[in-house]
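Undergrad: Dropping the structure in here first, questions after.
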Amino acid sequence: TQRVRFLERLFYNREEFMRFDSDVGEYRAVTELGRPDAKYWNSQPDLLEDRRAPVDTY
46 TQRVRFLERL FYNREEFMRF DSDVGEYRAV TELGRPDAKY WNSQPDLLED RRAPVDTY
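Numbers 46 to 103, taken from this note's numbering, label the letters of the sequence shown in order.
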């Protein structure tokens with residue numbers, strides 16, 4: 046069996062500041078710049094469900 050993994054990486058000025066990894070199930074800040082956004086996005090259950098759902102489909 047194969048596993049599907051979803052990874053979304055966000056960049057600003059060529060520097061990754063935040064990512065979503067379906068194995069973790071939430072956004073994680075990579076730099077201080079991403080900390081407020083990760084906190085906000087993780088507080089949105091609908092958004093997190095939208096990110097997790099495609100992995101369950103495959």
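Quick reminder that beta carbons are idealized off the backbone N, C-alpha and C, glycines included. Here the structure is a predicted model, which means the values were calculated and not measured.
To the nearest angstrom, how far is it from the Cα of Trp86 to the Cα of Ala74?
TA: Counting from one through the sequence shown, the residue named residue 86 turns up at place 41. Counting from one through the sequence shown, the residue named residue 74 turns up at place 29. Each residue's Cα considered, the two are about 11 Å apart.
Undergrad: Check Asp68 in the structure and name its three-state DSSP category.
TA: For the purposes of this step, residue 68 is taken as the residue at position 23 of the sequence shown. Looking at Asp68 - three-state DSSP - the assignment turns out to be coil, as it is neither helix nor strand.
Undergrad: Leu93 lies in the alpha helix (DSSP H); which residues open and close that run?
TA: Numbered from its first residue, the sequence shown carries residue 93 at position 48. 90 to 102 is the extent of the alpha helix (DSSP H) around Leu93.
Undergrad: Between which two residues does the alpha helix (DSSP H) containing Arg80 stretch?
TA: Numbered from 1 along the sequence shown, position 35 holds the residue referred to as residue 80. First-last of the alpha helix (DSSP H) with Arg80: 80 to 87.
Undergrad: What separation, rounded to the nearest whole angstrom, lies between the Cα atoms of Phe62 and Gly79?
TA: Within the sequence shown, the letter at position 17 stands for residue 62. Within the sequence shown, the letter at position 34 stands for residue 79. Spanning the two alpha carbons is a distance of roughly 5 Å.
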